[in-house]
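Take a look at the structure set out below.
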Amino acid sequence: MLLGMHVDDEEKAAAVERYGVPGVPHISTHLAQVADSRDEAVDTLLERMPPWLGPGLDGYVPVDDRPRPSRDPVGYTRRMCDLHPVGSPDDCASALAATAERTGIEHFILLVEAAGSRRATLDNIARLGAEVLPRLR
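Position in the sequence shown (first residue = 1) + 2 = my numbering.
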């Protein structure tokens, strides 16, 4: 089961409990942005995400009969920053470890290109690999 970016750990844990199959891994999606501090990472995303996120949120169409939620791109970006590994390497590692502990999920897919440029994406991937993932082993 692939669990979405818009729900918190409690909601993910409940979904695993409801729909989990023993021995079948679940995957949790996360926004991940590494910087020297949490404030720097959040500021980067609040500046760069809303311009590209807004059109996607406006065009979202649920596949069931639910009404389309109306979401403010700045508010949604802030929520993503609050839910996900965004911040210093220690912040990011702690957030991923906490999610694994609270939900039992150990497989993660990370959205790494939220800062909106090729260079920022490559830098983010490098920092995740060099500074965050070693803290989780």
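Glycine included, C-beta positions come from ideal geometry on N, C-alpha and C.
Asked                                                                                                                                                     : Found
Buried or exposed: L124, going by 16 or more other Cβ atoms within 10 Å of its Cβ?                                                                        : exposed
Near D10, which residues of its chain fall below 7 Å by C-beta distance, leaving aside the five closest residues on each side in sequence?                : L85
With distances taken from CA atoms, which of A17, R70, D60, I127 is nearest A37?                                                                          : I127
Thinking C-alpha only, which one of E12, P57, V134 is nearest L98?                                                                                        : V134
With contact counted as at least three CB pairs below 8 Å, one residue from each stretch, are the segment 114 to 121 and the segment 15 to 30 in contact? : no
Could you tell me the boundaries of the alpha helix (DSSP H) in which S90 lies?                                                                           : No alpha helix (DSSP H) contains S90, which DSSP labels as neither H nor E.
Taking the DSSP output, what are the residues bridged to V36?                                                                                             : G89
Quick check on the burial criterion: 16 or more other C-beta atoms within 10 angstroms. Buried or exposed for V114?                                       : buried
Distance check for R139 and G131, CA to CA, integer angstroms please.                                                                                     : 12 Å
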